[in-house]
Every structure is written in C-alpha cells, then in structure tokens.
Amino acid sequence: MKICMIGTGYVGLVSGACFADLGNTVWCVDKNSEKIEMLNNNQIPIFEPGIEELVNKNYSSNRLKFTTDLKLAVKNSDIIFICVGTPTLKRKGSADLKYVFQSAKEISEHINKFKIIVIKSTVPVTTGDKIEKIILRHNRKNKFEVISNPEFLREGEAIRDFRFPDRIVVGSNNKNVTKKIQSLYEPLIKKGAKFFSTNRRGAELIKYASNAFLATKISYINEIANLCEKTGVNVEDVSLGVGLDQRIGSRFLRAGPAYGGSCFPKDTQAITVTGDLFKTNLSIIKSVIKSNDKRKIILMKRVEKILSNNIKNKKIAFLGVTFKPNTDDMRQSSSLLMIPFLAKKGAKISYYDPSGEKSNFSKIKNVFFCNSIEEACNNIDLLIIHTEWEEFKALDFKKLSARKKFKIYDLRNLYSVNLMKKKGFIYYSIGR
Ligand SMILES: NC(=O)c1ccc[n+]([C@@H]2O[C@H](COP(=O)([O-])OP(=O)(O)OC[C@H]3O[C@@H](n4cnc5c(N)ncnc54)[C@H](O)[C@@H]3O)[C@@H](O)[C@H]2O)c1
C-alpha cells in the first residue's frame, strides 16, 4: 500500500520504517527540515534500538522516503497517518492539538483522490469529529474517511512492539475502511496480534484509558513501597504475591521513581480535563497525578535524609537520567526535578547516560556530564542509580569506591539488599 506518515518522531519514524519493512511504500514527512536532512543522509535523529538498520534497509530499497513536502507525500499516498505531537497545553493541562489540526488543514489542501486519514497521535475523544470538520471545510469535493488507530509502542522497545503488538485498535465508523486497515496490519495479525475494531470515539478513549490505568498501577505500587519501607516488608515480595493473581497481573508493578516520559504524565492530565469537559469527575486518575507529583518530593526528601540533610558541596553521581532505558527521551524524567533541586542545595552533580549529554542540564551550575561510569563516580559521596540501563546492572562497586566510601541509592532495585550489605556497602533502594 502507499502510505504517508505526517510527523517523523518516535512514533512516525518507527511505524513508518516498520510499515515499509512489511512491503509498503512509505513517505515520512516532517516540517523539521533538519530531521529530514539527517534521515536523507543516513543519520537517525532519535535513539531507538534497531531503528538504524531498519531505516537503512528500507531506504536503500526505495520503500521508505523522507521529505518536508507534505503535498507530494499526500498526493502519492492512499493512507495518511497523523503522528504529530500532542503535548500538554500549558496552564490548562489538556492536549495541545495545534499540530494535529494544522496537519489536518494541510492534508485537506492536497487531497486529490479518496484518502483514509488515520489519527495515530494520542488525541482526546471527539478529536476525530473535529478533524473531519476541518477537512470538510477545506475539501468538499473529494471523499475521505477519518479514523483512529492509536499507537501503543514503548520507546526503547518500539520496533518489537510494532511487530508483536498485544492488540491493534482501530476506530472507524466505516466498515470498508476498517477492512482496508485490517489488511494493512494482516502480516502482524497472522503472527498473533489481536485486531480490535470499534467506533472512532471508542478507539480514542481506549488509548487514554490504557495509559491512565498503567500510570495508576505504577503509582499504586509506589505508594505500597512507601508502606513497605515503614514496616520492614520487601515490596518485591508484595509485587510478586499480588501479581500472581491473574486478575491483576505482574507487569507494571515495579516500584521506582515517579512515572515520566512523553505519554503518561501528559495523557493522565489530558483525560481528566476531557472528563471535566464532559462533566465527569475522573477522581481516581486525578489522585494518581497527585500521588505521582508527591513521589518526586518523597524521593528528594529521601536523598536529603541519606546525606543527613547536609547536601552542600556533596558530590553526587547520577547513572542514567532518561525516564527509562534504551531511549534518549528526557520528557518528564524525574531527573529533571532531582538534579536541579540537589544542585540548588549546593551539591556537585556528575552524570552519565548511555544516550549522551543532555541540554536540559547544560545551564545548571555544578552539573557535569561524564563520558563514562568511572568518570562520573570519581570521588563521590552518593551514587544515585536513576535509570535501569543494562550497563548499570552489574557494577563493580569496589572498583568505583577505591578512593572513597560512598553511599548508593538505587531507584530501580537492581541489586540484592542482602548481598550489598554483606559486601559492606551503604545501600538504599525502594520499598526494601
Ligand atoms: N513516544 C511514544 O512512546 C508514543 C507512544 C504512543 C503514542 N505516542 C503519541 O504519538 C504522538 C507522537 O509522539 P512522538 O513521541 O512521536 O512525538 P515527537 O515529538 O517525537 O514527533 C512529532 C513530530 O511531528 C512533527 N510535526 C509537527 N507538526 C507537523 C506538521 N504539521 N507536519 C509535519 N510534521 C509535523 C514534529 O516536527 C516532530 O518531528 C503523540 O500524540 C504521542 O502522545 C507516543
């Protein structure tokens, strides 16, 4: 099939490359010309395992094309995916739909024959109705259908998630169009992906309801971890014991820092605003947001306590600053609050992240990027393991601590409490 992805970010690039790999011809469009230039020069603007090989393979076979020319891409495609960002609208908390509406307007100006317009961006329920109106306003002559096909991939595992999704959700009010999209996904359905179709509004809401539920699970176990710390219970035993109940399931029951990333914080905010708009109080999700905000403060207080409220001039190393491993995405990472907080209190912070230096910290006094774990950990008072990258899972702390005894705060419970104790380390973790 001939496909166009509008927005070549994490979602547009990964799903565009994967669709091309299934044999389709895919135009990836972005208004960011630097991004497109990079892609046309064999450079990948995001950090995502496996994406480089996939892009190179399909680009050289001419199934994957990159352009800033939306008109060209739309004219040459039958199915157009909108994959632009839907960030939080400041002060209101709702999803900022300006990029989505702008794309809809631009598409409407170039519709030359029947097009299926698929909203892949995460958008509040009823957005499809609005997009339909925008396109009708600009283009009444030609037929088109607007449908919803929310994306569930996770950064860091995005290619695998695209190829082996738990489910593919399509929301459309037109059965023929649903069938066409189903045939696009047929290679994945054959391998076991469940295909679920509903109406357009239903699919829009499924995406938000899923993310809010996952965020709830994380916040829930984080609060239980707080209780574990006070009662001498190991939160991992609780997670296991609870998760073995098939009605609950064990995934997303790992205690850690506040949830972050480009989706959960903005999507939980946005769905509560949608709820209010439709006079429905989503009180559970509202309290999850509060609990998650509080979590960031709880962890910072814990750091203060670990350092006996004496942070000034203490050397603190962060291993990992991204919100999760295998991504360079810093959006809503808890390190964005922790590092400035500690730096403001007079700490000297060194950090190392396998995805490289972050501009987020470049203007903060006393915060330095290091090129290796060893360099970051040189002569420190406290080591904070912030993100569970593979390379932090088997550290030789003895070597790191050769010069000075330091404390370790492991926000990801990567090490055994007993073993660390036996080896004589001053080790703190979450809910244990
Ligand atoms: N990142 C994830 O893990 C993930 C997972 C599932 C769903 N989503 C959702 O998918 C959507 C996209 O997320 P993302 O992380 O890929 O965003 P992103 O910020 O990485 O990429 C969006 C891209 O769209 C481009 N863009 C904006 N307006 C445009 C226009 N008019 N024409 C062409 N290009 C335009 C931007 O330049 C940018 O490159 C969001 O709604 C997000 O909530 C994201």
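The numbering of the sequence shown is this note's numbering, which starts it at 135 and goes up by one.
The beta-carbon is built from N, C-alpha and C at its ideal position, and this holds for glycine as well.
Own chain, CB closer than 8 angstroms to residue i, minus 5 neighbours either side, in chain order
i: Lys499; result: Ala477
i: Ile419; result: Ala346, Ala349, Thr350, Thr402, Ile405, Thr406 and Gly409
i: Asn333; result: Gly305, Ser306 and Asn307
Limits of the alpha helix (DSSP H) - the one that residue i falls within
i: Thr406; result: Phe398 to Leu411
i: Arg436; result: Ser417 to Ile440
i: Leu534; result: Phe531 to Leu534
i: Ser567; result: The requested residue 567 does not occur in the structure, where the chain is confined to residues 135 to 566.
i: Ala451; result: It is not in any alpha helix (DSSP H) - Ala451 instead sits in the beta strand (DSSP E) that spans Lys449 to Leu453.
i: Val567; result: As displayed, the chain neither begins before 135 nor continues past 566, which places residue 567 out of reach and without an answer.
i: Tyr233; result: Lys232 to Ser242
i: Ser373; result: Val369 to Gly377
i: Asp263; result: Thr261 to His272
i: Lys556; result: Val551 to Lys556
i: Met172; result: Ser167 to Asn174
Best match in the options for proximity to residue i [C-alpha to C-alpha]
i: Val367; options: Lys479, Ser563, Ile293 and Cys162; result: Ser563
i: Phe495; options: Thr202, Glu370 and Leu471; result: Leu471
i: Asn283; options: Val145, Gly184 and Lys165; result: Val145
i: Phe286; options: Arg274, Val303 and Gly262; result: Val303
i: Ile331; options: Glu508, Ile281, Lys424 and Thr222; result: First, the amino acid is wrong: residue 331 is Ser here, not Ile. Of Glu508, Ile281, Lys424 and Thr222, the residue nearest in Cα terms is Ile281.
i: Leu339; options: Phe153, Ile382 and Ser255; result: Ser255
i: Ser568; options: Phe475, Gly480 and Ile507; result: An answer regarding residue 568 cannot be provided, because it is not within the stretch 135 to 566 covered by the chain.
i: Lys492; options: Ile265, Phe457, Met554 and Glu509; result: Phe457
i: Lys533; options: Glu509, Glu291, Glu240 and His272; result: Glu509
i: Leu198; options: Lys209, Thr350, Lys136 and Ala238; result: Lys136
i: Arg429; options: Ile355, Asn547, Pro183 and Gln316; result: Ile355
i: Phe412; options: Ala359, Thr260 and Gly454; result: Thr260
i: Ile440; options: Pro391, Phe540 and Ala359; result: Phe540
i: Leu603; options: Ala337, Arg385, Ala389 and Ser469; result: Because the chain spans 135 through 566 in this model, residue 603 falls outside it and cannot be assessed.
beta-carbon residue i near ligand 1 non-hydrogen atom, thresh 7 angstroms
i: Lys165; result: yes
i: Gly141; result: yes
i: Leu204; result: yes
i: Thr256; result: yes
i: Glu240; result: yes
i: Cys362; result: no
i: Ser506; result: no
i: Cys124; result: The structure shown has nothing for residue 124, since the chain only spans 135 to 566.
i: Leu575; result: Outside the modelled stretch of the chain, which goes from 135 to 566, sits residue 575, for which no answer is possible.
i: Cys162; result: no
i: Cys397; result: yes
i: Gly184; result: no
i: Gln236; result: yes
i: Glu320; result: no
i: Tyr233; result: yes
i: Lys169; result: yes
i: Cys152; result: no
Contacts around residue i, its chain only, beta-carbon distance under 7 angstroms, and the 5 residues preceding and following it disregarded
i: Val551; result: Tyr561, Ser563 and Arg566
i: Asp594; result: No answer is possible for residue 594: it lies beyond the span of the chain, which begins at 135 and ends at 566.
i: Leu548; result: Ile519, Glu522, Phe526 and Lys527
i: Val311; result: Ile250, Glu279 and Ile281
i: Glu363; result: Gly565
Cut-off 6 angstroms between Cβ atoms - residues of its own chain near residue i, not counting five sequence neighbours on either side
i: Lys538; result: Asn513
i: Glu186; result: Ile178
i: Tyr484; result: Per the sequence shown, residue 484 should be read as Ser rather than Tyr. Within the same chain, Ser484 has close Cβ partners Ala451, Phe502, Cys504 and Ala510.
i: Thr159; result: Lys136 and Arg197
i: Pro183; result: Asn460
i: Lys555; result: none
Delimiting residues of the beta strand (DSSP E) encompassing residue i
i: Gly305; result: Arg301 to Gly305
i: Ile340; result: From DSSP, Ile340 is part of no beta strand (DSSP E) but of the alpha helix (DSSP H) over Arg334 to Thr365.
i: Asp487; result: Per DSSP, Asp487 belongs to no beta strand (DSSP E) and is neither H nor E.
i: Ile445; result: Counting along the chain, Ile445 falls outside any beta strand (DSSP E), and DSSP gives it neither H nor E.
i: Tyr144; result: Tyr144 -> not in any beta strand (DSSP E); alpha helix (DSSP H) instead, spanning Tyr144 to Asp155.
i: Val280; result: Phe278 to Ser282
i: Thr159; result: Thr159 to Val163
i: Val501; result: Val501 to Phe503
Below-8 angstroms beta-carbon distance, residue i vs any chain B residue
i: Pro399; result: Here there is only one protein chain, and chain B is not present.
beta-carbon residue i near ligand 3 non-hydrogen atom, thresh 7 angstroms
i: Arg288; result: Looking at this structure, you won't find ligand 3 anywhere; what it does contain is ligand 1.
Could you say if the region 334–348 and the region 395–405 meet the contact criterion of at least three C-beta pairs nearer than 8 angstroms?
-> yes
Touching by the beta-carbon criterion (3+ pairs, under 8 angstroms), the region 172–179 and the region 203–218 | no
Check whether the region 254–271 touches the region 222–237, counting contact only when three or more Cβ pairs, one atom from each stretch, lie closer than 8 angstroms.
-> yes
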